[in-house]
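Trainee:
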Amino acid sequence: HYWSCRCVPTLDRFLEREGISYLTQKEYFDGTLLLKLSFKILSYRYFVKLSWGWTMGLLLPFIFTSNYIIGRNIMFVLRRSSSVVVGTAIWFFCTRAFHVIENFTGKCYELQNMTVVPKFEQMNDCRKGGHMWLGFDISGHCFLLSYCALTMVEEIAVMNKLQKMEQKPGKAVDTIIKSLFIALNALLLLWVWMFSCTAVYFHDLPHKILGTAVGFAAWYGTYKVWYKKPFSPGLPPETEDKQE
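Take the sequence shown: its position 207, counting from 1, is numbered 207 in the working numbering, and each next residue is one higher.
Now the structure itself:
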């Protein structure tokens, strides 16, 4: 009990700084805390926080090579690759908006007795002071993971067209495309698993629903609406053929 009592404030500060919702006393002494900590440290610091970078790092070369093999037109490839710029702009705008909303709707609380600390009116100042900020925290994890997964599903569909082509690419290019395709599918499975863990263990239900809804809206607004228009990055070749 001596160790646990001394560590509760420290754990609270760590968890709050990393974005985990406030934990009850019971959760410190069962497997839930260990699971949350393990998942949070590994996924947040190395995967979820960098999920857009991981996704684009694999998706951009896949879009470039696969679309070039199909279209043999560098302007078409550059146009399609601009979808990465659009996605990055959406990611940046949405994550910044979530931060502003949480800052605007929240208050700073003392960790030990959960009393309001009025001298801290900004989220960053509150956390730097070792306190906890509670506001409407739209789940950036649910947004990012859902948006990344849906974007990947749209783009890797081009493999169907590549398989049907009579003129196959060279062996080296074919190996690169297939390797990227396998890596993207593995990453897609990882995002789905992490989304499931986030949905079960982190954030409040309204925060998760809204974060996921924003991810779906971003995907639908681009691939199902805007990308069908002439002045846009355009749809992947396989999807474009189905629309005709």
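For every residue, glycine included, the Cβ atom is placed at its ideal position computed from N, Cα and C. Keep in mind that this is a model prediction, so the values were computed, not measured.
#1: What number of angstroms, rounded off, separates the C-alpha of ILE177 from the C-alpha of SER51?
#2: Measure the Cβ-Cβ separation of PHE195 and HIS141 and say whether it is below 9 Å.
#3: Pairs of beta-carbons, one from the region 146 to 162 and one from the region 225 to 236, closer than 8 Å: are there three or more?
#4: Among residues of its own chain, excluding the 5 on either side of TRP133, which ones have a beta-carbon nearer than 7 Å to its beta-carbon?
#5: Pairs of beta-carbons, one from the region 143 to 150 and one from the region 207 to 218, closer than 8 Å: are there three or more?
#6: Please report the Cβ distance between VAL158 and PRO236, rounded to the nearest whole angstrom; I am assuming they are in contact, meaning their Cβ atoms lie under 8 Å.
#7: With DSSP as the reference, label LEU111 as helix, strand or coil.
#8: So what's MET132 in DSSP terms, helix, strand or just coil?
#9: Below 8 Å on the Cβ atoms is my contact criterion, and I expect VAL86 with PRO233 to pass it. Report the Cβ-Cβ distance as a whole number of Å.
#10: DSSP state of VAL86, grouped into three classes?
#11: Hey, would you say ILE138 sits closer than 9 Å to GLU102, going by beta carbons?
#12: From ILE90, THR88, TYR46, PHE62, pick the residue whose C-alpha is nearest to that of VAL77; which is it?
#13: Please state if the CB of ILE90 and the CB of THR175 are separated by a distance shorter than 9 Å.
#14: Which value, in whole angstroms, describes the spacing of the CA atoms of VAL84 and THR95?
#15: Where does VAL116 fall in DSSP's three states?
Mentor: Let me lay it out:
#1: 21 Å
#2: yes
#3: yes
#4: GLY106, CYS108, MET123, CYS126, ARG127
#5: yes
#6: 5 Å
#7: The DSSP-derived three-state label of LEU111 is coil.
#8: strand
#9: 6 Å
#10: DSSP places VAL86 within a helical segment (H, G or I) once states are collapsed to three.
#11: yes
#12: PHE62
#13: no
#14: 16 Å
#15: strand
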